[in-house]
Every structure is written in structure tokens, then in C-alpha cells.
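Remarks on the structure that follows.
There are 2 protein chains.
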Amino acid sequence: MSKVLSGIRIADFTHVLSGPIATHFLCLMGADVIKIESPEGGDTMRNYGTDQSGMAPPFIAVNAGKRSIALDLKSEAGLESARRLLATCDVVVENFRPGVMDRLGLSHETCRKLNPNIIYCSISGYGQFGELRNNPAIDQIIQSTSGLMSLTGEPSTPPIRIGFPVVDTFTGLLAAFAIMSSLLRRERSGEGQYIDVAMFDAALVMMISILGPYLINGIKPEKQGNRGFSMSPTADTFPTKQGSITLGAVRQEQFERLCKAIGRPDLIADPRYADRKSRIENAGSLRESVIEGLASRTAEEWEPLLNAVSVAAGVVREIPDVAAQSHLTDRHLKLPVAFPGFSLEQVEVLNAGFLFAQDAPGIDRPPPRLGEHTEEIMRELDMPTV
Amino acid sequence: MSKVLSGIRIADFTHVLSGPIATHFLCLMGADVIKIESPEGGDTMRNYGTDQSGMAPPFIAVNAGKRSIALDLKSEAGLESARRLLATCDVVVENFRPGVMDRLGLSHETCRKLNPNIIYCSISGYGQFGELRNNPAIDQIIQSTSGLMSLTGEPSTPPIRIGFPVVDTFTGLLAAFAIMSSLLRRERSGEGQYIDVAMFDAALVMMISILGPYLINGIKPEKQGNRGFSMSPTADTFPTKQGSITLGAVRQEQFERLCKAIGRPDLIADPRYADRKSRIENAGSLRESVIEGLASRTAEEWEPLLNAVSVAAGVVREIPDVAAQSHLTDRHLKLPVAFPGFSLEQVEVLNAGFLFAQDAPGIDRPPPRLGEHTEEIMRELDMPTV
């Protein structure tokens, strides 16, 4: 068959990040995603910082493959077109503040009258009801209020923001999962669904490995720098002759192999490092010795040497080095998209991050210019083009 | 109808974190998830640090609602039971190192012979093929090699680990999304699927808002501390009289409202802060003035005051304060699960993070003891219990 969502049409009222990421995943699975955008500028992500071209790279990254119809939802004609469009759609996704879709006349109730089996997904900061619903919610704020910022860094450092909008991304994927589940449910039962996704709630679920145990044992989680959950001083990040490397030596035999590999077999017999407990107690001096041992080679040199003796090791890489690896091509992580008229003629966008043996995810169209498909979609709806 | 995945049976060969999180999401949607565990200890996550009870809280958090069958897959009897079980399952999920399922005699090819329409999902560090496939891959290592660690912190600070296993969690949700997509595809076409999910690939997709633009413009992303992407000095995290607060004042009118709210209207007229560009140039002195203004109240006091004048503000909270909020109950984020015989008699586990109007996600059973359902499942398979 063709892609799993081919023939599924999505009315996409979202903007900026969490919503467009949700529909991006659905687009990769073959859905016909139609962005409904205001004729005045459209999705604000089109323009970003000094890039006022309407095709800023962060917009391209999550909107390639979609179509765009420009509609003024505050005019009766625009609203009527939206309603005609909605009657043909399987899914609605929106991420306005709670109440805005109602005021526009596009509430879940209204959409269900137009299309009884519609799947309607609202994404917001704190959800569609409750005392927090009107609080402002950008990624940075949710990282603060959800506890995310309290978990990263050394015990003594102030709270640190995860340096990219991880909440938007996790929320988008979670919404895509909820929508995919609802499409399966509709396939089996014929019924639509209403889905209420909140960035705050998604952030809590993202911390399941921390918040889950806390709900059971009530032990306050503490920041622990770059050490892993074992708290082993040799499961940490270290400087080398050039670059940093993360090691995962926790068990006794891993510790011993590490000591030999870095030319410090003497550490094995040192009573201060005799077992896991004593190593944790003497973490400071052990760390110094490991740093001395690692100083003879670069991180790139150490990585294969240590992995070869079964000491888990990974170079701390920066984005340009990561992106240059052939792995990204071998694993179809980058999708080349022809982009006639854009400065580059072709761009690469990220794929879904998993491989299918059949009907692989992917897209082959550039992101739409604002309103690029207005006439095309109006024709599909048998509506006169304005 | 009942939950979307009721009647769907999943053979769960996963352990520790990414795999169990994938099947946790599917369990919340109603699937019958059967953990196939080694009789010698089972999932290593059952015991964690000093907790050797077999029911460590991090295990409970992602395994409630599942069943457990203890099978020695290295014995012919155990393998035969596994094969009989697989013939009744819709989905297989495994997260061994690449090649282990083959060696056990449970490869995708074998499973497909037992069950032609099976959906088989392998989760690994770097994927099932390619030169990186045998590299060790725990969350901390992937955070290093994927570039994740290079993005968080101040420009001058060394790389910082996100303080919880975010890659495991994102990978688990991504695998759940891929499996849900494949279940819909099977519903429509009758066909099974093979899915190859890699933690490294998932980490790259998680950074789509950074890596996506980089693939287009080639501009190396730099760490920017707690400032948002606007780089506005008033979209940052600040100390207060007590606790820290994150503000999102970017636009001119937001800046002006902030200055008035903190009793520093004089800053508006200061030529150093006349517009966005000059505020970025004079970020240091502006930050000092804002900190002075905020020193009169606590973060908890400032949050409602600032939000009321439409300056986005969020207290940097820690996990205990987050978990205590009624929001978690109001939004069904916590599922109470009776747990007879466990020290608490009842535990709470996190729900899926989204709300459905119909057939809400959830579970109502505790996590299984190792092999708790061996006899029950053997009876279902018409197999003699050993």
C-alpha cells in the first residue's frame, strides 16, 4: 500500500512549534496537511529574527511537505471556506490559546456538526480547563514551571534551561501519537475523538523516569552534573588532550578495563577505589587520576580504543560534526527536497527518526509559500476563488 | 468502544528504559503487554541501586499494567513457549544489542513465519546496520555523541548532560508512535511491518528545531544559557527575593510592562535600552537592573503579578512543588493503582499526558512480579506449565 496516512486530510490551524511539529510527523506518514494561515504574514515562524523572507530555516524544518491556504477567519467568506474545508478533513489540530477557536466559530462542537467523526486535537500550555489554562506558555516558561530546569547541572549551579525547545518537540510528538491512536480507533469504531494536549503535562511525562519514582518514594531528585544515575565517578564526562569524552564505566570489570586502557593499572589496587562505594567516596581524587590518564590522547582517539575493550565511551560532539556523519545518509535521516525558487534550489529536512521495511516515512515537497495552495484547495472544494 | 488497543497483544522483550517506555505508552492505550523475562532476575531495572526488591520505583513507573512471563530463552522449552506466545501476538518489541534476537532464534524472519502479519520493532543505540551498530549506547553516551550535550549551558561552560534520560524517553515515545502507525496500516492493509528505531536517530530528531535549520543554513548553533532564541536579555531566568523566575519579555510593549511592574519605569526611557538591538548590546547592565527590581518579592509572588500584566513569567519549580499541584489530579495525570502486598498498598503512576473525550488512556494494575503471569499465560496458550 502507499503510506499509512495517504488519503487522510488534516486541517492545521497551528503556528510556531509544538503544533507544526505534531503535523510534521503526520505529514511524514503521508497525510495531506493543510496549513490554514492568516493572509497577514501567516505562521509567525515564517519570519524569524532577521530573516523576514517568509521561509526562515526553522519554518522550513517543520513545514516541508505541507500545503497552505490563506484565509481571513474574521471575515464571513474566510470562515465559510474554512467550514467547507473542515467538512472534508479527518483531523483538526490547533494550538491557539484556550478559547480562541471558540471565538472564531471553529470549536470542537461546530466542527463535529460539519463532520461527525472528526478527530479534533487542541494543544496548549496548560490544557483547556483549570486555573492555569490562561497562563502564558512558551517552551522556556514550561521548562521552569514543570521542574525540568531544576534537574540539569551541578548540585551547586543555578537552574539551567535545556538549550533547545525540547518541550515543544516532545509535546508535538505526543500529540501526533494521540492523533494516530485516534485514527486507528476511528478505523475500528467509526468514531471521532477530542484530544486535549498540554505542554506542561507533556513535560511531566517526559520526566517519567524522575517524576514516576518521586510519586512512589517521595525522595526529592537532586541535580548530579554529568554523572549518570549510578553516581559512579567513572560514568561521567572528562576532558582529554582535545575534546571531551563521556565514559560509562560502572561495574568493577569496566572500571578495571578503563584503568588498564588509560595506562593507570595502579588505580585498580588502590584501596581508595576498591569497590563502587569507596570510589564514590573518593570521587574527587579518582576523577583527577582519570583526567591525567586521558590527557595523552584526544577524545576522537579514545572513543574506538575504549569501546574496543568494552568500556562505553562517546565523544562529546558538536552539531556540525554530528551532521557530517555518513550515518545520517545511510539511515535516511535526511530527506532531500527540491525547492525551486528558493536560494538553495534544494534543502534537506529531517525524517521521522525510524525506518520501516515497507512504505517508509518521508516527504518530497518544499514548504508552502503563504497561501500557495489557496486556489488549488478552493477548486477541490468547488468554491469560487476570491 | 473500549480502549483503542484492547485486544492487541504485545510480546515485550525489552529491558531498562527506552523499550519499556515504548510499551508503557501502548499499555496505557489498552494493549495486553507481556514482558518476557529471564528467570534469573528479569528486567535489570527491577533492581536499582540499593533497592534489590525487584520492585524498584523506576521499574514500577514504566511497567505498571503489564504482565510477566519468565522464560529461559536459552532452553528449548523456553524458546518453544516463546514461539507459541509469538504466534498469538500482534507486535514484538525488543531492545537487545543488534544480533541478539537472531542468536536467540527470534529474528524478524522467524517471527514472521510464526505470524505473517506481525509488527516487529527493534530499538537499539545506533540502529540495526551500519558501522556504529555495535557501539555501546546508554542515554549518557548518546547525549554526548548526538550533539545534545553541546547545546545546553552558558557559552563558556563545559558540555552539560540533560539531567535525566531524555533520549530513552523520546526514543520510547517515537517507537510507540511508529508501532501505532503500523497497527493502523495493518488495520487498513492487513500487512505487518518491520521497524528499526535508534536512540541516536531519535536524539537527532528531538533536536529538529536546531539540527533542521543547521541542515539548511550551516550556521553552527551556540549555547546561550537561559536566554531564549530571541536573545532578548529580558527573556531569561532571574533570581528574586526567594527562588528564580523565568521571564519572556521580548517585544517592546512587553519590555515596558515589565519595567513598570518591577518599579523601574526609568529603564524605558534609558537610551541604552531603547530597542531590541540596543538591549541586547547592553544586556549586562539591563540584567542587573532587572535583578534589583525583582529583589523586592519572591518568585511565587511575582508570577501572578507579571502574568496579570501580560508579561510571561514562570517560577522555576522543583519536583516536589510541581508534583503537589492539584493540576496533576484535575488533568488525570496520576493513575492510582492498587498494589496488594507492596509496602504502599497503592501507588500512583503517570498517565499518557493527553486527555481523550472517549476511552481515556490509563491502567489499573500494578507492575507484575517476575513471572507472575507465567502459569496464566501458559494456560492461555494451552501449554503445560512447567
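Going down the list, the protein sequences come from chains S and P. Take 301 as the starting number for the first sequence in my numbering and just add one per residue. Take 301 as the starting number for the second sequence in my numbering and just add one per residue. Note that beta-carbon positions come from the ideal geometry of N, C-alpha and C, so glycine has one too. Predicted model, so just to flag it, every value in this text is computed and none were measured.
Assuming the contact rule is C-beta atoms closer than 8 Å, residue i and residue j should be a hit. Round their C-beta distance to whole Å, please.
i: Pro455 of chain S; j: Lys523 of chain S; result: 5 Å
i: Ser368 of chain S; j: Gly671 of chain S; result: 6 Å
i: Asp496 of chain P; j: Gln428 of chain P; result: 5 Å
i: Gly708 of chain P; j: Ile619 of chain S; result: Since the first residue shown for chain P is 301 and the last is 686, residue 708 of chain P is missing from the structure and cannot be characterised.
i: Ile308 of chain P; j: Asp332 of chain P; result: 7 Å
i: Pro339 of chain S; j: Ala370 of chain S; result: 4 Å
i: Asn435 of chain P; j: Asn607 of chain S; result: 6 Å
i: Met449 of chain S; j: Arg461 of chain S; result: 6 Å
i: Ile441 of chain S; j: Gly548 of chain P; result: 6 Å
i: Thr445 of chain S; j: Gly614 of chain P; result: 4 Å
i: Ile568 of chain P; j: Glu556 of chain P; result: 5 Å
i: Thr540 of chain P; j: Leu594 of chain P; result: 5 Å
i: Ser318 of chain P; j: Asn395 of chain P; result: 6 Å
Using the C-alpha atoms, what's the distance from residue j back to residue i?
i: Thr471 of chain S; j: Ala498 of chain S; result: 7 Å
i: Val637 of chain S; j: Ser585 of chain S; result: 53 Å
i: Arg665 of chain P; j: Leu305 of chain S; result: 33 Å
i: Gly492 of chain P; j: Tyr420 of chain P; result: 8 Å
i: Asp570 of chain S; j: Thr534 of chain S; result: 15 Å
i: Pro465 of chain P; j: Val616 of chain P; result: 20 Å
i: Glu648 of chain S; j: Leu328 of chain S; result: 14 Å
i: Lys335 of chain P; j: Glu380 of chain P; result: 16 Å
i: Glu592 of chain S; j: Ala561 of chain S; result: 13 Å
i: Ala311 of chain P; j: Asp659 of chain S; result: 24 Å
i: Thr674 of chain P; j: Leu635 of chain P; result: 26 Å
i: Thr469 of chain P; j: Leu373 of chain S; result: 38 Å
i: His408 of chain P; j: Arg384 of chain P; result: 15 Å
i: Gln352 of chain S; j: Thr344 of chain S; result: 10 Å
i: Ile479 of chain S; j: Leu504 of chain P; result: 23 Å
i: Ala364 of chain P; j: His324 of chain P; result: 8 Å
i: Pro357 of chain S; j: Arg346 of chain S; result: 8 Å
i: Ile508 of chain S; j: Ile663 of chain P; result: 15 Å
i: Arg485 of chain S; j: Phe477 of chain P; result: 14 Å
i: Gly528 of chain S; j: Leu404 of chain P; result: 30 Å
i: Leu406 of chain P; j: Thr314 of chain P; result: 13 Å
i: Gly653 of chain P; j: Pro667 of chain S; result: 30 Å
i: Pro398 of chain S; j: Leu474 of chain S; result: 19 Å
i: Gln443 of chain P; j: Asp536 of chain S; result: 12 Å
i: Ser422 of chain S; j: Glu581 of chain S; result: 50 Å
i: Asp402 of chain S; j: Ile677 of chain S; result: 24 Å
i: Val590 of chain P; j: Phe500 of chain S; result: 27 Å
Within 10 Å of its beta-carbon, does residue i have 16 or more other beta-carbons around it, so buried, or fewer, so exposed?
i: Ala599 of chain S; result: buried
i: Asn651 of chain S; result: buried
i: Glu588 of chain S; result: exposed
i: Asn526 of chain S; result: buried
i: Thr685 of chain S; result: exposed
i: Thr629 of chain S; result: exposed
i: Glu645 of chain S; result: exposed
i: Lys366 of chain P; result: buried
i: Lys520 of chain P; result: exposed
i: Pro661 of chain S; result: buried
i: Val609 of chain S; result: exposed
i: Thr350 of chain P; result: exposed
i: Gln542 of chain S; result: exposed
i: Ala624 of chain P; result: exposed
i: Gly641 of chain S; result: exposed
i: Leu605 of chain P; result: exposed
i: Gly490 of chain S; result: exposed
i: Lys303 of chain S; result: buried
i: Arg579 of chain S; result: buried
Considering only heavy atoms of the ligand NAP, does any lie closer than 6 Å to the CB of residue i?
i: Lys577 of chain S; result: Absence of the ligand NAP is noted for the structure shown, with no ligands found whatsoever.
Q) Any residues in the stretch 532-560 of chain S with a beta carbon nearer than 8 Å to a beta carbon of chain P? Which ones, in chain order? A) Within the stretch 532-560 of chain S, the residues whose Cβ lies closer than 8 Å to some Cβ of chain P are Ala535, Thr537, Pro539, Ser544, Ile545, Thr546 and Gly548, listed in chain order.
Q. What are the start and end residues of each continuous alpha helix (DSSP H) run of 4 or more residues lying completely inside the stretch 383-429 of chain P, in chain order?
A. 400-404 and 408-414
Q.
Output needed in chain order: residues of the stretch 440-468 of chain P with a Cβ under 8 Å from some Cβ in chain S.
A. Gln440, Ile441, Ile442, Gln443, Ser444, Thr445, Ser446, Gly447, Met449, Ser450, Leu451, Thr452, Gly453, Pro458, Pro459, Ile460, Arg461, Ile462, Gly463, Phe464, Pro465, Val466 and Asp468
Q.
Going residue by residue through the stretch 583-635 of chain S, where are the continuous alpha helix (DSSP H) segments of at least 4 residues, counting only ones entirely within it?
A. Counting only runs of 4 or more, we get 583-594, 599-608, 619-623 and 627-630.
Q: Can you give me, in chain order, the residues of the stretch 486-503 of chain P that have a beta carbon less than 8 Å from any beta carbon in chain S?
A: Glu487, Arg488, Ser489, Glu491, Gln493, Tyr494, Ile495, Asp496, Val497, Ala498, Phe500, Asp501 and Ala502
Q. Of the residues that make up the stretch 631-661 of chain P, which ones have a beta carbon closer than 9 Å to any beta carbon in chain S?
A. Arg631, Leu633, Lys634, Leu644, Val647, Glu648, Val649, Leu650, Asn651, Ala652, Gly653, Phe654, Leu655, Phe656, Ala657, Gln658, Asp659 and Pro661
(Q) Which complete beta strand (DSSP E) runs does the stretch 480-530 of chain S hold, if anything under 3 residues is left out? (A) Segments of the beta strand (DSSP E) lying fully in the stretch 480-530 of chain S: 493-498.
**Q.** Against chain P: residues of the stretch 395-426 of chain S by CB proximity under 8 Å
**A.** Tyr426
Q. Using a beta-carbon distance cut-off of less than 9 Å, what residues from the stretch 612-627 of chain P approach chain S?
A. For the stretch 612-627 of chain P, which is checked against every Cβ of chain S, the residues closer than 9 Å are Ala612, Ala613, Gly614, Val615, Val616, Arg617, Glu618, Ile619, Pro620, Asp621, Val622, Ala623, Gln625, Ser626 and His627.
Q: Entirely within the stretch 433-458 of chain S and at least 4 residues each: give me those alpha helix (DSSP H) ranges in chain order.
A: Qualifying alpha helix (DSSP H) stretches, in chain order: 439-445.
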